[in-house]
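Encoded as structure tokens, the structure appears first; notes follow it.
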Amino acid sequence: MVRGGWTGKILKVDLTKGKHVQEPLDAKMAVDFLGGRGFAVKILWDELNRGVDPLSPDNLLIMATGPLTGLPIPSSGKIQVAAKSPLTGGYGDGNIGTKAAVQLKKAGYDVLVVKGRAE
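Per my numbering, the sequence shown starts with residue 1356, numbered consecutively.
Structure below.
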């Protein structure tokens, strides 16, 4: 398990297959990319195939928290949401202050990666 503000787990959900898998968070990635935007960029770079249509089910929707998420610190309830942008075809992201960030952490995950299309 990764320490220092991370739960050490990534949840990957495939809506097309109706399946999910839990993966360990790589400790080196946690140190090198810190969380939130860093995790999202790294995962998109590593896992998104080149030339994927941003509006296709093959695009990834990534929600990533940082090491301070869930701590009793002002403005720490943030989550980074990222994907390949349909506007630019490049990386697109946004940072949101929401209870969902803390709930993701409380559920035991640092990152949620969603792909596919639900019926």
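Heads up, the beta-carbon is just placed ideally off N, CA and C, and yes, glycines get one too.
Spatial distance of residue i from residue j (CA atoms)
{"i": "ILE1451", "j": "GLY1393", "result": "15 angstroms"}
{"i": "LEU1389", "j": "LYS1433", "result": "14 angstroms"}
{"i": "GLU1402", "j": "ILE1428", "result": "32 angstroms"}
{"i": "PRO1379", "j": "VAL1466", "result": "10 angstroms"}
{"i": "ALA1438", "j": "GLY1449", "result": "10 angstroms"}
{"i": "ALA1455", "j": "GLY1406", "result": "31 angstroms"}
{"i": "PRO1441", "j": "GLY1447", "result": "9 angstroms"}
{"i": "GLY1373", "j": "VAL1386", "result": "32 angstroms"}
Where the alpha helix (DSSP H) through residue i begins and ends
{"i": "LEU1366", "result": "That residue, LEU1366, is in no alpha helix (DSSP H); its beta strand (DSSP E) goes 1364-1369."}
{"i": "LYS1383", "result": "1382-1388"}
Cβ-based neighbour list, residue i, same chain, cut-off 7 angstroms, excluding 5 preceding and 5 following
{"i": "THR1371", "result": "PRO1412, GLY1471, ARG1472"}
{"i": "GLY1360", "result": "PRO1422, LEU1423"}
{"i": "TYR1464", "result": "THR1362, LYS1364, ILE1365, LEU1366"}
{"i": "GLY1444", "result": "PRO1409"}
Contact set for residue i: own chain, Cβ-Cβ below 6 angstroms, skip 5 residues either direction
{"i": "VAL1368", "result": "HIS1375, VAL1469"}
Residue i: first and last residue of the uninterrupted beta strand (DSSP E) it sits in
{"i": "LYS1374", "result": "1374-1379"}
Other residues of its chain near residue i: CB distance less than 8 angstroms, five sequence neighbours each side excluded
{"i": "LYS1461", "result": "GLY1425"}
Whole alpha helix (DSSP H) runs in the stretch 1401-1467 with 4 or more residues, listed along the chain?
-> 1454-1461
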